[in-house]
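Okay, so the sequence shown: first residue is 0 according to numbering that gives the first Met the number 0, each after it adds one.
All C-beta atoms in this analysis are idealised placements derived from N, C-alpha and C, irrespective of residue type, glycine included.
For reference, the structure discussed in these notes is given below.
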Amino acid sequence: MMYITRRERFSASHRLFNQNLSQEENQNLFGKCYNLHGHNYEIFVTVSGSIKPHSGFIVDLKDLKKIIREKVINKVDHAYINEVDFMQNQITTTENLCIQIWKELTHPIELLGAKLYKIKISETENNFFEYYGQN
């Protein structure tokens, strides 16, 4: 089994709130993150698979790059994450962002003949989030 990781970057804004809570409850729960704010994110998409004898690749990196950009980066870069289609009805934590990106990428990566192994997102230089799927 071989693993490859592709890094992409995007800048986006969001606001943490739970629509079922009052403004005061949201402010107490999320603190300053209840206010509109932004991050310069880095996302690391790791796929696994066997090396294909005809190419020597697990996947062609240009195809992986295209999928990540079409399914994720083009939707979130310089956007308000709360309004991104795959983040609708989600509290826009980076934890939830990882899960929703996983859902967006799983099938297209399988069509390349690989398996999505991990989504890692850096929200700040000190905060990283990793998701390995449900299993």
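query: Between the CA atoms of ILE80 and HIS38 - distance to the nearest angstrom; result: 11 Å
query: The stretch 81 to 88 / the stretch 51 to 64 touching (three or more Cβ pairs under 8 Å); result: no
query: Collapsed DSSP secondary structure at ASN119 in the structure displayed; result: Note that residue 119 is Lys in the sequence shown here, rather than Asn. Looking at LYS119 - three-state DSSP - the assignment turns out to be strand.
query: Boundaries (first-last residue) of the alpha helix (DSSP H) holding GLU7; result: It is not in any alpha helix (DSSP H) - GLU7 instead sits in the beta strand (DSSP E) that spans 1 to 13.
query: Neighbour-count burial assignment, HIS77, 16 or more Cβ in a 10 Å radius; result: exposed
query: Bridge partners - SER47, DSSP secondary structure assignment; result: TYR2, LYS114
query: Of the residues THR123, ILE90, VAL44, SER49, the one placed nearest GLU18, counting alpha carbons only; result: With the sequence shown as reference, residue 18 is identified as Gln, and Glu is not the correct amino acid for it. Comparing Cα positions, the closest option is ILE90.
query: C-alpha distance - VAL75 paired with ALA11, whole-angstrom precision; result: 6 Å
query: Range of the contiguous beta strand (DSSP E) that encloses PHE128; result: 127 to 130
query: Buried or exposed by the 16-neighbour rule on C-beta atoms within 10 Å, applied to GLU103; result: buried
query: Contact belief for THR45 with THR4 at Cβ below 8 Å, rounded distance in angstroms; result: 4 Å
query: Which listed residue (LEU96, LEU111, SER121) has its alpha carbon closest to that of GLY48; result: LEU111
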